[in-house]
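Each remark here refers to the structure printed beneath this line.
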Amino acid sequence: MCCSLKRVLLLFGFLYFMSRACGQEENYLTCGRRKVQSVFLIHNGVDAKAGHWPWHAAIFHGNGRQEEYQCGGSILDQNTILTASHCVYTHKSVISAARVSVHVGQIHLKETSEYTQIHGVQDIILHPEFNSNSFNNDIALLKLSTNITMTKYVQPVCLWTMDSNQEMIVGKNGTIVGFGLNEHDVVSDQLKQALVGVVDALTCIKSDRAAFGPVLTSEMFCGKGRTGVGACNGDSGGGMFFEVGGKWFVRGLVSFTPLRGNTGLCDPLKYTAYTDVAKYLEWIKQYIDHRVLSYESDVLDIDYEAKLRLFNFKTCGVKQMIVDTDGVSRSSIPWIGFVRSPNETISRCVVTLISEWYAVGPAHCFQRDSSDVYLLLGFLVDGKSQCLGPDEFTVCTHPAQIRNIQKIIMHPKFGPNNSADNIALIELQRPADTSQPHVKPICLSVTPELRTKAMTNLHVATVSKENNSYKNTPVRYLEPTECMKEYTEKNITLNLEGKRLCAEIANKDKQNSQTLIAGSPLQEMRIYHGQEQYFLRGFELLGQACGAFASPIYNNIETYIDWILYNMRYSTLEVADDNSTVNTTQQTLETEWSMLQRQPGNENLHLFDMDTCGLPSTHDQSLGEFSMPWVGLFGAVQNVTDKVSSIKSLAVLISEWYALIPNRTINNDVTWRFLLLGRYNPDNNTNCYNGTCEVTHQLVEIKNVILPPANQQMFALIELLEPANLKIPYIRPICLPFMDQLHQYKPTEVIISSTRENSFAIESKKLKMIDVLNCQQNLLLEGHFVTFTENFPCAIEAENFRQTPLSSHLGSPLQSAVWYGGRKRYFLYGIDGNEEHIFKDLIHGPYMFGTIERGDLDWIVESMRENERQTSSISTTKNERITLRPVQHASKGALFNFGTCGESSSSFPMPWMGFVSSNNVTKSFAILISDRFAVGPAHYVDDVSAEYEMTLGYPNFQALWKECSTLNDFALCSLPSQKRRVQKFFVHPMYNSTDHANGIALIQLATPVVTSLPNVKPICLPFIDTVRSYYTSSLVMDVIGTSFADIKTLDVKDRYINPLECRERWEGLKVKFTIDSMKHCVIPKRTEEDELFDVQPGFSLHSLQTHESSEKHFLRGFVIIKPGTFSTYYPVVYTNTDAYLDWILETMEPPASLPFDLRKELIFSDK
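Be aware that the sequence shown starts at 1, since it is given in my numbering, and climbs by one per residue.
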């Protein structure tokens, strides 16, 4: 070597650079990485930008003194271009290499730029089995006469070294790039890119059996883009690229497309056949620099020089002796930590500290609920010489350190079907205090130069039985064959795969050693910097380091060092966070919150409880995984005729009394709104498992929908009528990011919560934030062509492999985790405010949303107010006299029989009530006002051409049977109902179906009903001057009691609500109808203690007044709007029939059978 290793290590800050200076070559070259970021083909494609496809090559053929563009190609290494054989093959022979040139870094076909390089071709290598007639083996390599200079605009692509099974790409979108014919059938001057979906061979052949059937082989695949987009003449030889793990791989080569008739031009509506490059990897490897082959082990590009700053090689890996308060020296292994949870009495596993900010350990320790786990560092076995919190009686010589976990990064391939990659990187919320002798990191073989294959001087951390302290016990490395044989003899199949290794403790040491739990570090002792230092080589996986059953299995840490380095950051306090946990200290956030509350003008901040917000609900096996208990469902009833409600968006509970929804949700086109909190299962309203039941949800009425000012359009604020029941474990508010520090750092990981279609269950999954450029690219891959006008927040699934399929819905919250008050809490980061359904198909992302900003928070706080639970919403208005003018059409009085109208009994409390139906479907109730006419709501008359009928004569069955028994008159109980065909509807000419103004209809029956029986009687119309006016205390309403058999009338009394007060209540809900003087309002349930009564559209409101010495019921209105629940706040809204009495009388016609005109022959008088 030209320099000593010792010198390099002393200058560890320049270790990577010096290793280069010593003449050591890289063992691999970077491929498939863009060095230039650009915005987001081919036929009708999108223009590509310089440096976005740096591996694309343009192949030209010389023709005399001119060059003609021929095909595309891809850069593989410094002197190799991949293309299709037919691109360099003419007239049954290979074209002369001297006639071929290759342009790289070029995005305009007819002009070069400072990025362009032009290279001649030294050799053309066709696949030996290429068949120009069938396009079989249509693949070739061009060896250049000069080396390519790699720049930001010229880079090699990666060859597909993964599984070559085509099932991996079928159904996926790849990207093709080229200068082929555009939509105008001329060669494109601008490099274009297009997304192409791969299909299976059968689909391809079925689309054009003549073109594909005879030639398609297993070494080909087919693809096609959206209509009019695809490969075309001139794109041949260009690659189809897929991004995997942040790198771009070439998988296909454009081979051929069926022609468009006899034009000799491609048909962009047809599939294109691609040569499957993965099938030719072994052939290609003969001619390329193997260092460019990208395998799983080198998929991550690590800047070792930068990563070295994370480690202190002068102090790492040095064992310490601790002297306790009794003066006794004890051995310490200061890099050992323990994973604990406040709800668990024992540690889950051991982790190993590798820097002041990071530790590694088994991933399985974090598979169950890890929201509250923390690390305990520097914990001595007996605990005599330390304490966890100093007090006036205890001397803490070496206190253990508790560190909350900022982030748990589990290996992306670890899971139920893969236990080999059982490793997690743990980032601390604040650094370990490594100035203390009992808390130090172990050394890590950061650079390739530090990694050795030596399997000597290995030790595992155990506990000494002699002095109850930690000790490093020597172990012997077992060759893989020896270890696997041992397990085979025990009928266990073991595959170490280079990712795991076996080592055993000698029998003599086992007697004095006690095994730690899973995660015990395997260490290699080296003489380093002139002293003994330990390097981490692995950790034990099963808590069996002493090998009671068989030789213990360890993770081979050196296999994962690049993955560990890739995920480590230099300073978590200086840069934006890499995940959902914001980089700030617990004390700072608490202090800032305390100061904010004390500032003038922030009095409303006391409405938020930072001590209880943002904590996920506990895991419950019977109900599924732990949930985000602040996510609710915001629902509505669209029309008064709707029998069921619908969910409009998700909502986020932010306090006991308030929730947030996207402003887009609020359109004044509904008649009722509500909020559903907690866990709701429509098939089982309570969680009745294991013999016990519990309340899991709450249906909450909404008091006010508060819309934002014009400059803040994202959120709407929901004020609840009653507080959220925080005693239900599945209901809890989220935290809001009031502290400035939470806006200074942008999380790069968030949690999205949403629902699946037709489901009430809230599900969540982890996402990572990406920039607009990557977002647009991912949208293109999913078939969405979206143009961004601003930096719109966007996220994709955090793991390399797809998670639960879950689309984002309107109102889906994005939450980031923050350590506050000693616990990880979730703060609202944003919500999905996009138009509903436009991204419904994106079940794996990307996900776009709007963030909550300081202006939103200021408006929210200003809009909130102190609330108290209201047990009653009785109107302050007392008994009022309603004074009305005389009617103009009193002469129609002869149409009515005041001798029989308005009479009722306990058995037949509302004999005027009937229901209107069509095709045996009840539409609404209506009120009989004469033997041939009835009135009711207009909204049910949706089809005037349909056949309708009205049925009357239903009793209160409970009272009727009692009366029959008492009077011994069972004929009374046998009175038949009466059914009459509806002859005609008269809908008020000013009826507005949108806001239900003038929503009244007059019904004319085809034949008169019999009113001589007690079960069918018309109600009286109050057109007589003596009963025109009335007191609200005289009002009576038709209601349903415990069942439909229990129909009755109920005195209104103080249930009447003044129209002005009624309008104020309903307007807060932002509904589509208005309350005016032409409405009555009554609240059936005044207090929570009141008996439940129900009403239905068309039920009557009537005054009980004396007429000619008899008490009669006079119609005053009928139900048109009712709240969606038994509300104590929202009144039932009635159409005021007095306002329409003249229209009713004018519209009514006398029976056609009368030989004279009643209007002329009879004059009604009330004398």
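Note that beta-carbon positions come from the ideal geometry of N, C-alpha and C, so glycine has one too.
Here's the rule I'm using: 16 or more other beta-carbon atoms within 10 Å means buried, otherwise exposed. How should residue i be labelled?
{"i": "F785", "result": "exposed"}
{"i": "E1111", "result": "exposed"}
{"i": "S513", "result": "buried"}
{"i": "L573", "result": "Interpretation of L573 is limited by its pLDDT of 36, a score under 50 that renders its predicted location unreliable; no figure is taken from the coordinates."}
{"i": "V921", "result": "exposed"}
{"i": "N639", "result": "exposed"}
{"i": "G632", "result": "buried"}
{"i": "T149", "result": "exposed"}
{"i": "E392", "result": "At E392, the pLDDT of 40 sits below 50, so the modelled position is not reliable; the number obtained from the coordinates is stated separately. It is exposed - the Cβ of E392 has fewer than 16 other Cβ atoms within 10 Å."}
Measuring straight from C-alpha to C-alpha, what distance separates residue i and residue j?
{"i": "Y271", "j": "W819", "result": "53 Å"}
{"i": "T1074", "j": "H996", "result": "8 Å"}
{"i": "D1076", "j": "T1049", "result": "25 Å"}
{"i": "F562", "j": "R756", "result": "Checking the sequence shown, residue 562 turns out to be Asp, not Phe. Approximately 38 Å, taken between the alpha carbons."}
{"i": "A420", "j": "R500", "result": "7 Å"}
{"i": "S927", "j": "W657", "result": "According to the sequence provided, residue 927 is Ile. The question's Ser does not apply to it. Rounded to whole angstroms, I927 to W657 spans 41 Å at the Cα level."}
{"i": "H119", "j": "K49", "result": "22 Å"}
{"i": "P142", "j": "I284", "result": "For the sequence presented, residue 142 should be read as Leu rather than Pro. Those two C-alpha atoms are separated by around 11 Å."}
{"i": "T994", "j": "F985", "result": "19 Å"}
{"i": "P846", "j": "V373", "result": "30 Å"}
{"i": "V1016", "j": "G1098", "result": "17 Å"}
{"i": "N992", "j": "N998", "result": "7 Å"}
{"i": "T1147", "j": "I1019", "result": "18 Å"}
{"i": "N800", "j": "G171", "result": "Model confidence at N800 stands at a pLDDT of 46, short of 50, so the residue's coordinates are unreliable; what they give is reported in the following sentence. Taking the straight line from one Cα to the other gives about 18 Å."}
{"i": "R1116", "j": "A659", "result": "39 Å"}
{"i": "F1044", "j": "I728", "result": "33 Å"}
{"i": "F957", "j": "G1041", "result": "12 Å"}
{"i": "G378", "j": "I442", "result": "13 Å"}
{"i": "D609", "j": "S655", "result": "8 Å"}
Once the 5 residues before and after residue i are set aside, which same chain residues still bring their CB inside 7 Å of it?
{"i": "K648", "result": "F634, G635, A636 and T665"}
{"i": "T1007", "result": "R980"}
{"i": "L1092", "result": "K1085 and F1126"}
{"i": "N704", "result": "E719 and G1068"}
{"i": "Q37", "result": "In this predicted model, Q37 has a pLDDT of only 49, less than 50, meaning its place in the structure is not dependable; the value taken from the coordinates is given anyway. Closer than 7 Å at the Cβ level, and outside the excluded window around Q37, lie L773."}
{"i": "L216", "result": "A201, C204, I205 and A273"}
{"i": "V292", "result": "L29, C31, L76, D77 and P156"}
Leaving aside the five residues before and after residue i along the sequence, list all residues of the same chain whose C-beta is less than 6 Å from its C-beta, in chain order.
{"i": "M1078", "result": "N1136 and A1139"}
{"i": "S74", "result": "W55, L82, V157, G239 and V250"}
{"i": "C365", "result": "V339, R348 and C349"}
Taking 8 Å as the limit between beta carbons, can you name the residues of its chain near residue i, skipping five residues before and five after?
{"i": "T116", "result": "H103, V104, G105 and Q106"}
{"i": "V1082", "result": "L1035, M1037, V1052, R1055, Y1056, I1057, L1101, P1131, V1132 and Y1134"}
{"i": "K1227", "result": "Given that the chain is displayed from residue 1 to residue 1167, the structure contains no residue 1227 and the question cannot be resolved."}
{"i": "D189", "result": "H108, L109, K110 and F179"}
{"i": "D123", "result": "A97, L142 and K143"}
Exercise for review: Evaluate the contact criterion for the region 337-356 versus the region 495-510: three or more CB pairs, one atom per stretch, below 8 Å.
Suggested key: no
**Study point:** Meets three-Cβ-pair contact criterion under 8 Å: the region 606-620 and the region 824-833
**Key:** yes
Point to revise | Segments of 3+ residues assigned as beta strand (DSSP E) that fall wholly inside the region 743-814 | key: 749-755, 762-770 and 794-797
Check your understanding: Is the region 892-901 in contact with the region 958-974, if contact means three or more CB pairs nearer than 8 Å?
Key -> Segment contact: the region 892-901 against the region 958-974, fewer than three CB-CB distances shorter than 8 Å; contact not assigned.
Check your understanding: Taking contact to mean at least 3 C-beta pairs separated by less than 8 Å, is the region 151-160 in contact with the region 191-199?
Key -> Output reads no: the region 191-199 does not touch the region 151-160.
Exercise for review: Determine, using beta-carbon pairs with one atom in the region 525-538 and one in the region 478-493, whether at least three such pairs fall under 8 Å.
Suggested key: no
Review point. Are at least three pairs of beta-carbons, each pair with one atom in the region 593-613 and one in the region 811-818, less than 8 Å apart?
Key: Not touching, per the Cβ criterion.
Exercise for review: Output the residue ranges of the alpha helix (DSSP H) runs that lie fully inside the region 881-951 and measure 4 residues or longer, sorted by chain position.
Suggested key: none
Review point. What are the uninterrupted segments assigned as beta strand (DSSP E) that are 3 or more residues long and contained completely in the region 465-510, given in chain order?
Key: Whole beta strand (DSSP E) segments, 3+ residues: 470-478 and 500-505.
Point to revise | Runs of alpha helix (DSSP H) lying entirely within the region 126-209, each at least 4 residues, in chain order | key: 201-207
Exercise for review: Check whether the region 128-139 touches the region 79-94, taking contact to mean three or more Cβ pairs, one atom from each stretch, closer than 8 Å.
Suggested key: yes
Point to revise | Runs of alpha helix (DSSP H) lying entirely within the region 1115-1153, each at least 4 residues, in chain order | key: 1141-1147
Check your understanding: Between the region 853-870 and the region 902-909, do at least 3 Cβ pairs fall closer than 8 Å?
Key -> no
Review point. Would you say the region 762-782 touches the region 704-713, given that touching needs at least three Cβ pairs under 8 Å?
Key: no
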